[in-house]
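To start, the structure under review is shown below, and the notes come after it.
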Amino acid sequence: MKKSANNPARSLSKETEALLNNQIMMEGKSSAQYLSMASWCESKGYEISSQFLYKHSEEERMHMLKLFGYVNGAGGHALQPEIKGIQHTFKSLREVFDHVLEHELAVTASINNLVDHTLKNKDFATFNFLQWYVNEQREEEIIARRAVELFELIGEDGVGLFMIDQEIGKLEQFGQKMSGGGAA
Ligand code: FEO
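Residue numbers for the sequence shown follow this note's numbering, beginning at 1288 and rising by one.
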């Protein structure tokens, strides 16, 4: 069936569709950036951090695909984003996780902006769909803050970095516990 702005089957406004496509771009960029971080960690011997980031990259792709399904199902057109500006090298493991936190805070701000937009426009279906992301971001922020905190708690001297790498493997469990069960 042909879809247009006048199609009664279409539930998304063009503006909401554009904002959702922007979110698709953010999730796609997250997936690519985490993949790049995973590769850097692997090349430096941070094995556990690398596994964590490879898995996280997959999760971000899933976040993106979930949006694809919603946008197309609501009569819009989900667009494969151009991914540019990926950082490939890092000064330290600490820099990697500082970036993770910074990035997740930006994703949360973008989700909040989208939620605000749907409420103002009385698009309750999209508002409801986005609640999954609101919960997911709560958990992702807990994990990212904990990762950065590990550098302060353990310290990077001596076997510190090795221990931090080991602790990164427990982050997901920590995030689920501290967010009340997890969103995924
Ligand atoms: Fe899907 Fe980590 O934002």
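Think of the CB as a built atom: it goes at the ideal place given N, C-alpha and C, for glycine as much as any other residue. What you are looking at is a predicted structure, and each value in this text was computed from that prediction instead of being measured.
Cβ-Cβ distance between residue i and residue j below 8 Å
i	j	result
Ile1398	Ala1319	no
Gly1363	Glu1304	yes
Leu1299	Leu1401	no
Val1394	Met1313	yes
Leu1352	Tyr1321	no
Val1435	Leu1388	yes
Inter-residue spacing [alpha-carbon to alpha-carbon] between residue i and residue j
i	j	result
Gly1442	Glu1329	21 Å
Asp1444	Lys1316	32 Å
Gly1372	Leu1417	27 Å
Glu1391	Ala1412	24 Å
Asn1359	Val1446	50 Å
Ser1291	Lys1301	Note that Ser1291 scores 44 on pLDDT, short of 50, meaning its location in the model is unreliable and no value can be drawn from it.
Ala1470	Phe1377	Because Ala1470 sits at a pLDDT of 47, beneath the cut-off of 50, its placement in the model cannot be relied upon, and the point is left open.
Leu1448	Asp1410	47 Å
Leu1354	Gln1310	8 Å
His1350	Ser1344	10 Å
Gly1467	Leu1458	14 Å
Asn1293	Ser1336	Interpretation of Asn1293 is limited by its pLDDT of 49, a score under 50 that renders its predicted location unreliable; no figure is taken from the coordinates.
His1404	His1386	27 Å
Ile1429	Met1465	7 Å
Gln1338	Glu1423	20 Å
Lys1407	Trp1419	19 Å
Lys1342	Arg1297	35 Å
Glu1346	Glu1427	11 Å
Phe1384	Pro1368	24 Å
Given residue i as reference, the closest of the options once Cα atoms are compared
i	options	result
Gln1453	Met1465, Glu1345, Leu1437 and Gly1462	Leu1437
Arg1433	Gln1424, Phe1461 and Phe1339	Phe1461
Leu1380	Ser1344, Lys1301 and Gly1332	Gly1332
Gln1374	Met1465, Ile1455 and Trp1327	Trp1327
Gln1463	Leu1448, Ala1431, Leu1440 and Val1435	Ala1431
Leu1366	Leu1406, Asn1308 and Ala1325	Asn1308
Arg1425	Ala1396, Lys1407, Asn1408 and Leu1440	Ala1396
Gly1414	Leu1440, Ala1325, Val1383 and Ala1361	According to the sequence provided, residue 1414 is Phe. The question's Gly does not apply to it. Phe1414 has its Cα closest to that of Ala1361, out of Leu1440, Ala1325, Val1383 and Ala1361.
Distance cut-off 7 Å: residue i Cβ against heavy atoms of the ligand FEO
i	result
His1350	yes
Ser1317	yes
Val1383	no
Glu1459	no
Glu1347	yes
Val1394	yes
Glu1426	no
Glu1329	no
Any C-beta of chain E under 8 Å from that of residue i
i	result
Glu1427	The question asks about chain E, but that chain is absent: this structure has only one protein chain.
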